[in-house]
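Peer 1:
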Amino acid sequence: MPTFVGRERETARLAARLRAAVAGAGSVVLVGGEPGVGKTRLATQTAGVARDLGMVVAAGRATDDEGSPPYRPVSQVLRVLGLPDPLGGGAVADGRADVAAQERFRRYEAVSEALRAAAAPAGLFVLLDDLHWADAGTLRLLVHVARDVPGRLVLVATYRTTEPATDAVFGGSLAALAVEPVVERIVLTGLSEAEVGRQLDAVTGFAVPAGVAQAVHRRTHGNPFFVGELGLLLTGSPPAVAEPGLLLLPAGSPPAVAEPGPLPAGSPPAVTEPGLLLLPAGSPPAVAEPGLLLLPAGSPPAVAEPGPLPAGSPPAVAELRLPDGVRDAVRARLARLSAQCRRVVRAAAVLGAAPDAAVLAEVTGLEPAGVLSVLDEAAAAGILTRDAGTWWGTAGSPEGGGDGFTHDLIREAAAAEVPTAERMLLHARMAAGLCGRPDADARAAEIAHHLVASLPLGAAAEAVAWSRRAGDRAAALLAWEEAAAWYGRALDAAAGLPLPAAERAALLTGRAAAQVRGYDMDGARESLTAATGVARDAGDPEAFARAVLVMEGVSDFLWDPVGRSLAQEAVEALPDADSGLRARLMAQVVVMDAWRQTADAGPRSLAAVEMAERTGDRRALVEALRARQFALSSPAGAEERLSLGTRLLAIGADGDDDALLWGRLWRFDAYAQLGDLAAASTEAEAVAALADRTRSTLAGWHAIRSRAALTAATGDFAEALALAGRSLALARRSGSEGSIQPSVGVLLGICALTGDRSAVALEGAFGLPETMAAGWLRGALALWKLAAGERAEAERLYRGVPPVEHIPPFVRLPAVSGMIELAAEFDDLAAVATLHDMLLADADRFVCGGAGVIMIGGPARLPLGIGAAALGRHDEAVAHLRAAIDLGGRAGMPPAVATARYHLARALLRRDDPGDRAAAAVHATDAAAAALRLGMRPLAAQVAGLETGAAQRRPDPLTPREREIAGHVARGLTNKAIAAELYLSERTVETHVQRVLTKLGLANRTQVATWHLRSTDT
């Protein structure tokens, strides 16, 4: 192995990470740099240090071969450690995207736990080499491990810094890793001039003159691989040196460099050995014999072009271009091999994945013994590696090179020499050989790779068939990104074939399903549009239906309107008879309408349930019940949703954990909306038990967010905040946007009640696209900003919330309730009136969603009382708020009771009937005590601002907005001018002015100005 030169600082940083891991602090280190800069060499050196510390060492390596199986580097690591590979499990029985996502997360967790167990005794050093070539599944798994890295693990991943800009998944993974506190990044640059000199000395075996080292450093920028290649040339032809710095090399070599250090002027040429001539200073350039370029000392650097110069030719001078110049040196090394050896090496470089001698014999037409002989020759020349008695690097060895080559750049240079037609024929022969092997099915991706690479000379139909098999196999391994790529290659290979429409639709549908599961929603929408188009043109309603159902269980706001239309089209295209497929499509139409308010959702969902019952199709019945639950997600449907949950529990009693999970969750939602927190808590405990038993990530997330909602409702905010943090962390680890947004909503709701600043870090989440969910989260953020005292920002956010008529049924209660509070605060009385009337029908419910509870905000009577008070309906407000105190007390919700007492105190002060001020004082005192006890700082501040004493002045009859407008009237501004200054409509200003006149009992604007002046003076 070459001598390790330099890198003292980087080595020290890695050694510190190793010592920290032995002490229990794991980490991930990303080592980046250009090709040849020494990333793997540094990692290998670190592996030696890890062994010295008693740590276990294992490594895996990604390759740029498309036929490489998914998760290859991680599987190699697990194999070296002697651990079972959780990534190789079979396909998921339930085809739903959310179930498949849970299973992939479970397998990722199993890998994390396996690494944790392996690291526990003495520490574990894992190297994932050439991460830039890793498949998307491996990259996502690395991010997963980094987010909860085992305590005694150091995971080093090397990558080329030249790659991220060309690969969105790779670049996104690096960005995700960058924000993790346990991740450190080391970027290697070139060696210093002194270090280059030391490397050249080690490579050549003699002291290389300083001028030579300086010139090599200047031209290689200190890249160790480039330096080494030039050093090998020096060992092939020892330099002839007259004075320090004068170097003459054979033609065809990389730079021939002359540096100061001439022979005395007038000296005869000095010949050191045949073919080498040293010239005195001032001599003209001379060519001693064909191919040998000699430069006088002091000449500028020169590069001899490949190929010998004819005798008497003038010097050929060209700019050195790296890495092209060094690749020329690599080609020169390859040229010195025998013809048969070059043939085998070139074939190995093209085929990749370290083909064995038998395979190389088959594709090159040589005898196996002859192949072994030339492999010997290539290894002796430093082109290939020897390891463990074979000619190819072992996958798990950190010391291994580029799949048998001593460096990837050598393999790339060798492969580049192979003509296109020869390359295609090599791939075709390789595919034919692999197809005849007993393990052909397991090597589907490898065979497909070679068949695709053989086109257009190869067999396109076989390329299509094997690419589809490779896609199916990748999907079974939950490597969806790889599956999508293989289905896409199959479609590309089929471009010139008369492929049957059913097969083309199946490929497009398979690609769409893989894209959905890999979160490539743009690609999935495109594939589904194409798949349904092919099926429609072919008159194949079942293929059309299967394509539509790819989105079953998936929420995608951009697709839903199109998907709803396609699902309806599919229903109409199928035979008018009962079938499970038809029932699922009917259910899909309802689910995709979940964000709209459609009057026919109830009858449609009921028809889907009845058809599924008649067919006896279990999957169809579950999907139909899910649609029914969405159709009944408004507050009025709580009781029936409770019975639906009970029914789903019965379906899941025979071992269907997914049905058991959703049955419990539907019951939890219903009980919460009915205000039965004790029953809701029982359901949440059952969800937690299910999560513990199944180790399901989704069930675990639901268990945590349900407990967070309950603990917040009962006033245990410290526990609620901790649970909310865990919920968000788990959602981010799973990569599910459908879990991240509700988790953000929980944190915002708790922070709004407590005044906690934890939500500051969440504001980046609102740079999301303007989906409906992100839009409604703005309301939650506005409430938190209001509680934090940022009134202007809260109002800005409030103005950006979607119109109330777009509120879907399942979020109606929390959305309307929050909007009432905001509208009242910002004197948007028209909105208050509309929202108040919307909420009246649900007065006896508790504020939470009907399909996925985020927060349980107390009785709906509380926002109704706030709205009535803002509208000046004081008697109604007092009645609602008293009812809220009673209902909240019976439900065991101290935060809601304290908030209702504060608002009741305000309402009583505004009504100011006999006895109201004394009653207000009692409620204010109770609210203050509860706010202090519970840690509700915003509420405590609000209560402190109330004026309850009889000796104090009467409360201001105007709202803050009305007082503001009265001030502008006093300045003499017109309604139009006031509207422009406050960004309100002129009609709104006119309404406010009229309310000011009515409340103050004044007749005109002049009297308003006089009143304002006196009240300000007072």
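Here the sequence shown is numbered in the working numbering, starting from 13 and rising by one per residue.
For each residue, glycine too, the CB sits at the ideal point set by N, CA and C.
By how many angstroms is the C-alpha of D840 removed from the C-alpha of R1017?
Peer 2: Near 22 Å, if we compare the C-alpha coordinates of D840 and R1017.
Peer 1: Give the straight-line distance between the Cα atoms of R922 and A579, rounded to the nearest whole angstrom.
Peer 2: Approximately 55 Å, taken between the alpha carbons.
Peer 1: Give the single residue among P906, W492 and A692 whose Cα lies nearest to the Cα of A148.
Peer 2: The candidate whose alpha carbon is nearest that of A148 is W492.
Peer 1: Put A169 into one of helix, strand or coil per three-state DSSP.
Peer 2: DSSP places A169 in strand when its eight states are reduced to three.
Peer 1: Residues in the same chain with beta-carbon distance under 7 Å from Q954, minus the five sequence neighbours each way, listed in chain order, please.
Peer 2: Within the same chain, Q954 has close Cβ partners Y914.
Peer 1: Tell me which same chain residues have a C-beta within less than 6 Å of the C-beta of V813, skipping the five on either side of it?
Peer 2: R790 and G791, listed in sequence order.
Peer 1: Let's test the definition: count the other Cβ atoms within 10 Å of the Cβ of F822 and tell me whether it reaches 16, buried, or not, exposed.
Peer 2: So F822 ends up on the buried side.
Peer 1: For A70, report the span of its beta strand (DSSP E) as first-last.
Peer 2: Run containing A70: V68 to R73, per the beta strand (DSSP E) assignment.
Peer 1: If you count every other CB in all the chains shown that lies within 10 Å of the CB of L893, and 16 or more means buried, which is it?
Peer 2: Buried.
Peer 1: Is L378 helix, strand or coil by DSSP?
Peer 2: In this structure, L378 counts as coil in the three-state DSSP scheme.
Peer 1: Would you give the residue range spanned by the alpha helix (DSSP H) that S693 belongs to?
Peer 2: Taken as a continuous stretch (DSSP letters only), the alpha helix (DSSP H) holding S693 covers L689 to T706.
Peer 1: So does the segment 195-202 actually touch the segment 25-44, counting three or more Cβ pairs closer than 8 Å?
Peer 2: They touch, by the three-pair rule.
Peer 1: Secondary structure at I198, three-state DSSP: helix, strand or coil?
Peer 2: Here I198 sits in strand by DSSP.
Peer 1: Taking the alpha helix (DSSP H) that G861 belongs to, which residues open and close that run?
Peer 2: Taken as a continuous stretch (DSSP letters only), G861 belongs to no alpha helix (DSSP H), as it is neither H nor E.
Peer 1: Nearest CA to the CA of L633: which residue from T723, H1004 and S617?
Peer 2: Ranking T723, H1004 and S617 by Cα distance to L633 puts S617 first.
Peer 1: Which residue marks the beginning of the alpha helix (DSSP H) containing F182, and which one marks its end?
Peer 2: First-last of the alpha helix (DSSP H) with F182: A180 to A190.
Peer 1: Cutting at 8 Å between CB atoms, please list the residues of its own chain near W498, excluding the five before and the five after it.
Peer 2: Only A457, A460, S479, R480, A482, G483 and A486 meet the Cβ criterion.
Peer 1: Measuring straight from C-alpha to C-alpha, what distance separates D141 and L593?
Peer 2: Straight-line Cα distance between these residues: approximately 47 Å.
Peer 1: Output yes or no for whether 9 Å exceeds the beta carbon distance between A136 and S185.
Peer 2: According to the sequence as given, residue 136 is Leu; it is not Ala. Their beta carbons are not under 9 Å apart, which means L136 does not touch S185 by this criterion.
Peer 1: On the three-state DSSP scale, how would you describe F137?
Peer 2: Strand, per DSSP.
Peer 1: Do you know offhand how far S655's Cα is from R824's?
Peer 2: So the two alpha carbons sit approximately 21 Å from each other.
Peer 1: Cα-Cα, which of P573, L661 and D568 is closest to Q527?
Peer 2: Comparing Cα-Cα distances from Q527 to each of P573, L661 and D568, the minimum goes to D568.
Peer 1: What does a CB cutoff of less than 6 Å around A931 pick up in its chain, not counting 5 residues either side in sequence?
Peer 2: Here the set comprises L920.
Peer 1: Might you give, ordered along the chain, the residues of its own chain that have their beta carbon closer than 7 Å to the beta carbon of A720, omitting 5 neighbours on each side?
Peer 2: So the qualifying residues of the chain are A732, L735, A736, S739 and V758.
Peer 1: How should P162 be labelled, buried or exposed, when 16 other C-beta atoms within 10 angstroms of its C-beta is the threshold for buried?
Peer 2: Buried, by the Cβ-count rule.
Peer 1: Give every residue of the same chain whose Cβ lies closer than 7 Å to the Cβ of A799, excluding the five residues on either side of it in the sequence, and list them in chain order.
Peer 2: Same-chain partners within the cutoff: A764, G767 and P950.
Peer 1: Between the Cα of A917 and those of D925, R423 and A936, spot the shortest distance and give me the residue it belongs to.
Peer 2: Closest by alpha carbon: A936.
Peer 1: Is A624 closer than 9 Å to R653 when the C-beta atoms are compared?
Peer 2: Not a contact, by the Cβ cut-off of 9 Å.
Peer 1: Determine the direct distance from the alpha carbon of A665 to that of L396, and round the result to whole angstroms.
Peer 2: Rounded to the nearest angstrom, the two C-alpha atoms are 60 Å apart.
Peer 1: Taking the C-alpha atoms as reference points, what is the distance between V574 and P587?
Peer 2: Cα to Cα, V574 sits roughly 22 Å from P587.
Peer 1: Thinking C-beta only, is M867 closer than 9 Å to V859?
Peer 2: Against a cut-off of 9 Å, the Cβ pair of M867 and V859 comes out as a contact.
Peer 1: For the beta strand (DSSP E) that G44 lies in, which residues bound it at each end?
Peer 2: Per DSSP, G44 belongs to the beta strand (DSSP E) from S39 to G45.
Peer 1: Hey, out of E554, G394, A351 and G364, whose CA is closest to G382's CA?
Peer 2: Taking only the C-alpha atoms, the option nearest G382 is A351.
Peer 1: Can the beta-carbon of L534 be found closer than 9 Å to that of A496?
Peer 2: The question names Leu, but residue 534 is Asp in the sequence shown. Result no, Cβ atoms of D534 and A496 do not sit closer than 9 Å.
Peer 1: Taking the alpha carbon of Y683 as the reference point, which residue from E695, W674, G551 and L672 has its own alpha carbon closest?
Peer 2: When each option's Cα is compared against that of Y683, the closest is E695.
Peer 1: Return no unless some Cβ of chain B is closer than 9 Å to the Cβ of H886.
Peer 2: Here chain B cannot be found, since the structure has a single protein chain.
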